[in-house]
Every structure is written in structure tokens, then in C-alpha cells.
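Asks:
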Amino acid sequence: MIDRLRQAMSAAGYGLGATELLDVLWLARVMEGRTAAGGPGDSGEPGECVGGTGDGAASGDGAASWGEDASGDGDGAEEGRRRTEAGGAEGTTAAADTAPEGRSADAAPTTPAAPADSTDPADFSASSCDSRPTESTRPLTPPGPPRRALYAWGSAGGESGADRARPARVPGGRALPDAQQLGRALRPLRRSRDHPHRTVTDVEATVRLAAETGFLDVVSRPEQEPRWSAVLLVDCSAAMQVWGPLAAELRALLARSTVFRSVRIQRIDPRNPAGPVHRRRSAGASVTFLLTDGTSPGWRSPQTVRALTAWGNCGPLAVLNPLPRRLWRGTALDARPRLLAAPAEFGSLGRLLVCDPLSGERDPEAAGVLALPVLHPTASALEQWAGLLTRPGVPHLIDTVLLDELPGHRGPDRPEGSAEELLAHFRGAFSPEAYRLAVRLSAVRPLTTPLMQLVRAATMGDAGPTHVAEILLGGLLERTDRARDTSAAHTLDRALGAPPPGLATEPVYDFRPGVRELLFSGLGAEAAVEVVEAVGRSLEPYMGRLPDFPVLMGDEDGELRLQASARAFAVLASPVLERLGGAVPGPPGGVVPSQRRPEPTPPSLDEQLSVPARRAVRLLALADLAGTSPAGLPFGATAALLDENTPRTREVLDELVAAGALRKTAADRHRLADEMRGPACEAVGRELPAAQRDAALSRLLAWYLAVGRQMFALRYPGERMLQDLARVSSPGPLPTTKDRTKALAVWVEELPQLLALVRRAVVRSPGTVRTAADLLLLAGTTADCGALSAAFEPAARTVAARAAGTGDARAEGRARLALAEAYLALGKADEAEAAARRAQELAGRCGDALTRFRAPYARGIIALHQGQHDTAERYLTPAWEQCGRRGDALGEALVLGALARLWAATGNGYEAVLFAERSIGAHRSAGGGSPRLAHGHYALAVALSSAGRPAGALRELSRALPLFEEDRQRLWAGRTRCRMAEAMVALVRPGEAVTAAADAAERLLVPGGERWRADALTAAGHAQTALGHKQGARSHWREALAVLEDFGAPQAVELRALLREKPDPSPAGPHRPGLSRTAETARTGTALRDLTAAVRTLGDQLRLRGADEATGPRPAGPTAPPESPDSPDTPDTSDALDALAAELAGHVRDLERTGRAPRAGLPRLRAALESLTASDALTAAEAGVAEVVAAVRTLSRRLTP
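The sequence shown runs 24 to 1224 under my numbering.
Have a look at this one:
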């Protein structure tokens, strides 16, 4: 079984060792466990939501923690920590009026901090708005949790009357966030050898022997094992305490990499560096890593150079310096970039050659000295060093320090003087970030290295571990360690385990006299409380999931006494206390110190609100889409949702804002407070009848339909489509703007929330499908590419599936039509044809005039793109005739433009120009200045080019371009620039053509624009040919050909003829050799867009299946199960898909904004999707779900090679 698994992985391109295979199997089991089950009672398990709905904590952190477990390398944890840091000290609410400067943080505000919600509500999940019934007696607002303060290790030892505490452990973060990339950088060092003792059966030799001799005898061969072992030397000087976790993670990284046979870790004292040399084993070849920051004075002694030479004579040696390069100058290992070459593979340190950068010969300055490579622990540095060891004779630029045995100069002395002088020296010698961190650390006493790292991560998202190292090196701190108190030591050892023999205890620091007071004067008491609360919030999502370190937790039943000078560094609430092994404190039985007295429990929010306000909270939770539109619902949509007039709506909203249940944002928008989302969503399923939910969603969609009709009437006056859409009276006030540009901007701003709402509404309420289908036709005008396109496709597919299930042919036909037009905009002709064909069939069945015209028109345009000119004419001609019968002048103008492009494609330039001019005339007479005129100019430009009049074509394209840009038609604007480049080539203006083609390719470098970018590359190739750059032209044409073959475009035949290449029978892989980085970015963008849409569609299909089963025949009577129309049969799978879709959508938005493809996280996303879609519940699903599952699996494989 295991052998077959390894063979399958190897065939897929993953050569995994035994350790890597074990990691994969463990990760698969953990991921399956996350998606299988895990309720609020599974406290302490990785992947659970912090808190839960019963304690006031939002449940959105499930996505972040699920991504962390799926990554296996901490990327998800780091991402979650960055989200948590956004709510750090700079963004927290001020403390109470009388926040003492003392040591306790329990005097902080009583409002519980809600963890960051990481799910994208466009991918709504049962976890973010669960309608499953719970206890009917549960109040809307749960009581505020009790809080406990955390103190630094070393705070014990107070007098008998001091406050009590007990030991605990809290997460301390990861020191190597890019461990996976570092492991990849070491893979070139992997070499194998025969094991001296173990053997395995040689199957091929055994079979060959039996065939040749006729006797069956087993032939064995030595088992292969890694050739090299690794030795990690760790500097044990005091300054290296800040890098303590780094050593353990480095050792784990070296062991997991499968590069080394074994990994040994040894401590080295710079004052006696020869000690580990004498203890080194003599057998076996080793690669040595020395982890040090070079700040100890011992590294400047001649004994150190001799010890390093002895280590280097036994094999390769490199220093890993965790300090940033800007701080190396003041250390004993002041490395500079130098060209190094090795005469042989894995050469010893003494054989390295330092080359002159100009001549390439041996550098005379390096004669007689030891060239020691110094690497910052990054993937790029390790790759260079690995190349040095594995590519003999090839110079590599590596940071190198030249050491000799002469006595080195003394290092910088420790600064002395008054507190003001110490701070002045620190600010002048170290970074501003280190000083700001020191100010925040003045709120905590005493200090340990993990604690400083924790404060840094929670309150300064832009700072790193190096800034903690600067504080330790800056002379502001002093050691305050003292002999361990006997009773305290006994208690700590019993609770946490005694430290291993020879392992130094964590040093305890405090600021030097007078320094803390000066730093704290720049912080203040309120900001100090904010620091403490920020640290507590940052700890909550990661309890039990990251490497931890010991602390003391305030507890009146604890066995230890706190020192009088101790100050808390964090405050935790009761759900986290349970993870630390403590019980939630009950009412105090005696006198409790004021700083630790539990705050009074606030009354339930329902008791503070009026009846209309309580109803409003539940209705707002029904449409809660805070992640898609953080600003919340506009006022008009809120009034429609509440079904109240403007004054009454304003009164209810003001009441909710005053009570803290609602947040008012810019432009008169409102959204639920973060801490209210979970309880309010529970109340929706428990208290709001299904009929009221359906009516509320219908009103909200009706308001959006009214807004869309208003925008469409302003932007495209005279178009017939408004007469065919449903006429609704707005249930809420509409935007008052009459400006076309502003109306479009308002509509585009609402689109992400609208598309998410459409998906939610049709799943919950089948009666909304007709309104939803009409909204899709209005939304399709601007959702042509990027993140909007990735949201539009699943909305259209979900509406079509729901309408098909209810038998509504009109709604399904319009949804299929919108889907076909969306596919056509992306250049996916085959998918567009299937959707348009189905829409035309449904239009013939129900007699919908709108679909009966637009479906044949869409099929004609699709046939034109496919090069099927007769088919295109067969569809476009009846569409033209139908427009005349309907009196649709603008529809006739569009069809005339399409016919003009058809005649141009067939070489009939005269007819093409005639039809295009008639199209422009119809647009101008009936359109009232509509941006649709751009399509007429574009068609006339195509016709003029066909007629041999490129100057006129360029003029028409220059008129069309600003209209497309004004209408936010990004793909059409890029295609227009591409046509302009072709016209410039025909006018023998190749320089301008190259510029225009490059601009077109840049405009089309968006998710969804890859097909049309291939046309821009083709035009760029023609321009390069006109300039005489044939190699550049062929490069552009090859990239374009790869894309056109993927899309099945007929233009690929022309490019093959230009390149004189035969069709490639092999399937297109995710990464083809010879493609540029920009082409790979475009390919990745297409894969991300398509995969985002597919994952969202899969989640919706599962919910639709669950909703259909839930609304089927149900038992009657008191034993009937509770109604749960929003709960699919596989809720955990749907929730996991929502989390992955949210992350994918973030990548799509980033690529759309920056033009750069994401690198980190894609392999993890691929593994997570393949694991989810491999479950039996999905593979055995019905045809519709199985088709989407297959699409997700296929698209996920395109993310990485």
C-alpha cells in the first residue's frame, strides 16, 4: 500500500522521502478531521473557532485556523497573526477613565474584544450565520467573559500578602515563517549512498535471474540513505537568547528536509569554541551550520578562528546570522559580498577560493585567511550557498567574512551614563521601530525574550524579531535573575516540568534605572492598557497551536505570589482560560483585589432594545455581508430590508448605534458590530419565520433591482431591455444622483455585495429567482473581468440551478443568458455556446422576448469568434429581423455592428463599412449619447481595416477607446488598443504599434483577460517584425499560440503558419517551457479566477442540495425535526470551501491590483482543495455536483506545476 502510494506520488512529480510522506499522511488526516466535525465543545483542538457563539466571540476565525492547519508550515498562522495585529495597540479603544499605571491590566475596558473575521461573506457559511436552532432562552448578547491577567516568567516570589498566580503556557509564535521555502533551498544538497547494513529486495534483478536461470532466488541490494549528516552549532551566549526558538525550528527544518541522514545540535560557547570540536564524532561526512549573531566578544579571539578552521576541515561550514545585514557591521562577523568558488563538490571550508570580481582569478587579499560564508536564514541565501557546494568551479556571490588568527579589535563597549544618555545613544544607533517597541515594553515588568517577541507581534505588525535583538543589544536592559525560591521552584516544576539538565533557564530582564520611567512617559496609562489588551487578543486564536513558553496567570487560588513590581502583559477571557487548563472563575467568595475583581455582567441586549430594534437586528443579520462590503448596507437598502419609512428607519438605526449593536460607517452605511454577528445570526434561524426571511430578502433584491434600473436608464437611455425587466417599486429611498458617471460608480460599488446577496437569497428563498435573474442582466454590464467576474459566474450558475429546480424557465433562461455573455467576455466560446443554446431553448419554451432576441445574438457573436461565419449569419440575421418587429432601434444597431464584423471577416469590406455606418447612425439617433456607441465605432474600425483603410480605422478606434473606458469596460478597452496597434502596423508606424500593443497587453493582464491578451501579443509580434526584430516577434507569437491553443481559438492556425510549427498533440500543462514571467502571471490569473468561481459554485451546489432535501417531505407532529433551510448535508465541507474561496478571491484582487501573481500559499491551497474534493460525499454526488467537483480538481492542478 505504501509503495503504491509513493509510486503514485512520484509519477505525479513529487519525489517524497519517508519523512515527507509521513508529513503528508499526517496532514491529510488533520485536514480531514477539520472538515469532518468539531463543535464548540472541542476546545483546544487546532482549527476550532475561538470562543464560539455562546461567549461573544465571532466564529469567523475558523477559516484562518483551517488554513493554518492545511499549510503545514505556518503560513496560515502568520497570515492570521497579521490580521490580528491590525487590531493592536494602535487601533484599540482607549481604557477606562481611571486606568491605573500599576501592574494589573484587569482595569481595562469591559467590552470583550471580538477576534478578526477572516471569512469572506460573499462565500457565506453556516459558521458565519448559522440558522440551526439552539436554546430558545439564550439572550441575544451573551454575558461578557471573566478576564485574567498574564505576567512574565520571573514575576513569582512575592511576599505572603501579595496577589496569587499559577503557571500556564501561552503561544510564542514561529521564528521561521518561510520554513517550506528554506527546505526547498536545501534540496540540491541531497545525495545518496549505500547503507552499510540494511538491504532491500531488487525486484528487477530477481525477476531477471529467475527468467535466465529458471531458479527463483531473491537478489538484494543495499538500501539508499542520505550521504550527509548535519551538525547545528548554536551560540549559547546571552545575546542569543532572543533567537532561542530559531535553533529548535532550524533543527526541525533540517530533519524534515530529508536531505540529511541525521541532525545533531550542539551548543558552542564563544569563550571556549574548541569544546564541541573535541566532542565531534569522527565517523560520517557532515555539513555544519553555525547559528550565531557574532556579537559575543569571544568571536574576535584567535581561538575562535582555529576552532572554525578545525570544523571546516571536516566538511562544508556556513554561519547562519539571524541579524539583519545592516547590523552586521558592529559584530565580529562583518561579512561583505564576495565571489566564492569551490574546486570540488561539498569542498571543505579551507578549500574555498575567493575570486577577484574583475579578473576571476584568486583574490590576493584573501591569501592566508579563512573565508567563512555568512548567510541570513532566507531561501535566496541558502540557494546561493547550495549552488556553491554542488556546482564546483562556478563563482557564486555570497556574503563572506575573512578571518585570521591575529587578535581582533575590541567590540563596542556597553553604553553607560544617565537614563537620558542611554536613550539618546539608543535612538542614534538603532532603528526607530526598535525605539517604539521599547516604549511599548515599558508597560510590562519584568521582561523575557518570548514575552518581548509576543508584544512585538501583537502591537507592531511592521516590526520583526530583529528589533527585539536591537533592544537586547542596545544597553537599555539588565539581567535581574536571582536564585530560585524553593517553594516557587517546586510549584513551577510540578506544573510545567523541571527543565532538562544543562538547559539554561529563560533570562529575566528589566530596564536599567530611570529608563522605564522615561519610556513610559511617551506611552501613558491608557496606551499601556491598550498594549496589554492587544497582546491578549493576539493570543486567543493560537492557543495550543504554536510553540509556547511559560508564564504566570493571575488566579486567587494559585500557589505562587506575585512580586509587587510585576505588571501584566496580557488579559484573556474565559474561553481561552479553558485552553490554558483553568476553570472559568465564578463569583468571588471573599475580598478580591480591585484590579482582579470581575466586571459586572452586562444585561442582555434584547432587554435594552425596543421591539422594532430587536427585529431590525435579526433582519440585518439576514443580509450580513461585512467581508464583501466592510462599509455595510446603504441606508436605502436598510430601509427596504426593515420595511420601514425613512424617519422610522433612521430612528431604529440610531437606537442600535447607541446600544453598540450597529456600526455607522461613511456615506450613511451601517453594519452589525463584530461581536453581534454570531448571536444575531443564531437568532435569525431560531426566531425569524421562513416567510419573514423570504419577504425581507425579496424586498432587498427589489431595492437593488430599482437601483440597477435607475443606473441603466441613466447610462443607456433608449434601450429596450428595461421594458423587459421586472418593474418594481422601490421599498426604500434610491440614490439621488442624476450624473451618469456617479450612478455607474454607485452601482459598481454595490456589485460585490449584490452578487453575494443574490447567491444567498436564491439558496434560502426560491421565490427570489426571477428578481435575481434580472439583477444578473444588469450586473453583467460591468462584471467583465477580475474579482467581479469571479463573483458573477457562480451567482449566475446558482440562479440557473435554483430556477431549474423550481421549473421557472424564464428565470433559468435569463440566468443562462447572463452566464453565456460572461463566458463570451472572457473568450470562452465553447462554454458560452452551451449556455446560450440552453437559454434559447428555454426562451422558445416560455416565450420570453428578451431571451429570444439576445440568445441568438450571443450565439452569432460566439460563432463569429469561432470562425464559423455561416453559422454566425444564420443567427444574426433573424436577430436583426426580430429587432425590427420589436421596434428595438438600439438592439438593431448592435446586430448591424456584429454583421459588419462578420462581413469584414469574410473579406466583404464594402458591405462591412455600410453596415457599420448604419450601426453608428442608429446609435446616435436612438442612444442619446449612450456608451454603447463605442461598439459601433469598433465595428466600423474593423470594417475599414478589412477595406484597406487603416487611417480611418485608427480614427474610429480613437473614438471608441474613451467610451469603453468611461463605461468601465476594461476588456473592450484593451481589445481596442490591440486593434489600434494593428492599424499602426498597416500604416507603417511600427514604433507606435509596439507601444500600443504593450499597453493593450498590460491592460489585459487581469484575471479573465488572458484570451484577448493573446491578440495583443500577436499584434506585438507583427510590430516587432516590422521593426526587424524577428526573435522578439517569434517569442510573442509562441506565448500567444500557447494561449490560443488552450482556448481552442481558430487564430492558432494562423500563428502556427507564421511560426512554421505543427499542432502540439500533447495537452497543455500549467507551465510551458519558454513562457515569460508575465505570461505565467496571466495564466495564473486565469486559473485563480476560474478556480474561485468553481469553488464558490461548488459550495452553492451543496447548499442547494441541502436546501432541497430540507424542504422535501417532512414528518408532521411534535417530533418533526426543526426547519433548517440553510444547512446543507455537508456543512463542514461547505464551510471549508467558503474559507478557501475567500482566500482565492483575495489572491484574485491582489493580482488585479498589482499585476503580480501570488507565490506563497498556492501549493497549500491546491492540497486543501484536492483533499476536500476527494471525499466520498462529493465523488458519489449527483451529476451537477460531480461536474463542478471535477472542474475544481482540474483547475487546482493548474495553480502549481
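Even for Gly, the Cβ is constructed at its ideal location relative to N, Cα and C.
Count the other CB atoms, across all protein chains shown, that sit within 10 Å of the CB of W49; report buried if there are 16 or more and exposed otherwise.
Replies: Exposed: under 16 other Cβ atoms inside 10 Å.
Asks: Cβ atoms of L269 and P345: under 9 Å apart, would you say?
Replies: The answer is yes: Cβ separation under 9 Å.
Asks: Taking the alpha carbon of R820 as the reference point, which residue from G545, V1211, T472 has its own alpha carbon closest?
Replies: For the residues G545, V1211, T472, the minimum Cα distance to R820 belongs to V1211.
Asks: Based on the DSSP output, what are the partners of C906 in its beta bridges?
Replies: DSSP lists no partner for C906.
Asks: Between R839, R763, M483, D485, which has its C-alpha nearest L986's C-alpha?
Replies: It is R763 whose Cα lies nearest to the Cα of L986.
Asks: For the region 339-354 against the region 218-226, do three or more pairs of beta-carbon atoms, one drawn from each stretch, fall closer than 8 Å, so that the two count as touching?
Replies: With the cut-off at 8 Å, the region 339-354 and the region 218-226 do not touch.
Asks: Let me make sure I understand the geometry here. Which of R1172, D1173, E1166 has the alpha-carbon closest to that of P1186?
Replies: That would be E1166, whose Cα lies nearest to the Cα of P1186.
Asks: Would a C-beta distance cut-off of 9 Å place L372 and S465 closer than the cut-off?
Replies: Not in contact: L372 and S465 (Cβ atoms no closer than 9 Å).
Asks: For A858, which residues of its own chain have a beta-carbon under 7 Å away from its beta-carbon, when the five flanking residues on both sides are left out?
Replies: These residues qualify, in order along the chain: R839, L842, A843, Y846.
Asks: A390: buried (16+ other C-beta within 10 angstroms of its C-beta) or exposed?
Replies: By the 10 Å Cβ count, A390 comes out exposed.
Asks: Can you list, in chain order, the residues of its chain with a C-beta nearer than 6 Å to that of Q631? Leave out the 5 residues immediately preceding and following it.
Replies: So the qualifying residues of the chain are A682.
Asks: In whole angstroms, give me the CA-to-CA distance for R982 and A976.
Replies: Spanning the two alpha carbons is a distance of roughly 10 Å.
Asks: Considering Cα atoms alone, identify which of M734, H693, D533, T929 is closest to L745.
Replies: Minimum Cα distance to L745 is reached at M734.
Asks: Unbroken alpha helix (DSSP H) runs of length 4 or more, entirely within the region 953-989: which are they?
Replies: Here the runs fully enclosed are 956-969, 973-989.
Asks: What distance in whole Å lies between the Cβ atoms of E1175 and V1066, which are believed to be in contact at a cut-off of 8 Å?
Replies: So it is not a contact: roughly 18 Å between Cβ atoms.
Asks: Is the number of C-beta pairs between the region 1024-1040 and the region 1103-1113 that are closer than 8 Å three or more?
Replies: Output reads yes: the region 1103-1113 touches the region 1024-1040.
Asks: Could I get the ranges of all uninterrupted alpha helix (DSSP H) runs contained in the region 765-846, with 4 residues as the minimum, in chain order?
Replies: Segments of the alpha helix (DSSP H) lying fully in the region 765-846: 792-802, 809-829.
Asks: Taking 9 Å as the threshold (beta carbon to beta carbon), is V1171 in contact with chain B?
Replies: Judged by its chain identifiers, the structure shown contains no chain B, having just a single protein chain.
Asks: Answer with buried or exposed for V1017, where buried requires no fewer than 16 other C-beta atoms within 10 angstroms of its C-beta.
Replies: The residue in question, V1017, is buried, as its Cβ has 16 or more Cβ neighbours within 10 Å.
Asks: Just to confirm before moving on: does the CB-CB distance between R274 and I288 stay below 9 Å?
Replies: Yes.
Asks: From the DSSP output, in three-state form, read off D717 for me.
Replies: Three-state result, D717: helix.
Asks: Report the option in M699, A862, S1099 whose CA atom is closest to the CA atom of A824.
Replies: Looking at the Cα atoms, A862 is the closest of the given residues.
Asks: Determine the direct distance from the alpha carbon of R27 to that of H1170, and round the result to whole angstroms.
Replies: For H1170 and R27, the distance between alpha carbons rounds to 35 Å.
Asks: For A447, count neighbouring C-beta atoms within 10 Å of its own C-beta (all shown protein chains included) and say buried if the count is 16 or more, exposed if not.
Replies: The residue in question, A447, is exposed, as its Cβ has fewer than 16 Cβ neighbours within 10 Å.
Asks: Could you give the residue range of the alpha helix (DSSP H) that holds C869?
Replies: C869 -> alpha helix (DSSP H) spans 852-869.
Asks: Thinking C-beta only, is A364 closer than 9 Å to L395?
Replies: Not in contact: L395 and A364 (Cβ atoms no closer than 9 Å).
Asks: DSSP beta-bridge partners for F312?
Replies: L255, A341.
Asks: In angstroms with no decimal places, state the Cα-to-Cα distance between R517 and A278.
Replies: Confidence at R517 is low in this model, with a pLDDT of 44, below 50, so its placement is unreliable and no value can be given for it.
Asks: Could you name the residues of the same chain whose beta carbon sits closer than 6 Å to that of L1010, not counting the 5 residues immediately before and after it, in chain order?
Replies: Around L1010: P973.
Asks: Exposed or buried, G537, counting other C-beta atoms within 10 Å across all chains shown (16 or more means buried)?
Replies: When all chains shown are included, G537 counts as exposed.
Asks: So what's L239 in DSSP terms, helix, strand or just coil?
Replies: Three-state result, L239: coil.
Asks: Going by the CB atoms, is the gap between A970 and Y933 shorter than 9 Å?
Replies: Yes, they are a contact pair.
Asks: Can you pull the DSSP bridge partners for K687?
Replies: According to DSSP, K687 bridges with H693.
Asks: Taking the alpha-carbon of P418 as reference, which of D386, T759, G440, L393 has the nearest alpha-carbon?
Replies: The shortest Cα separation from P418 among D386, T759, G440, L393 belongs to D386.
Asks: Is it right to say F658 is buried, meaning 16 or more other beta carbons lie within 10 angstroms of its own, or is it exposed?
Replies: With 16 or more Cβ atoms within 10 Å of its Cβ, F658 is classed as buried.
Asks: DSSP puts Q1124 in a beta bridge; with which residues?
Replies: In the DSSP output, where bridge partners are listed per residue, Q1124 has none listed.
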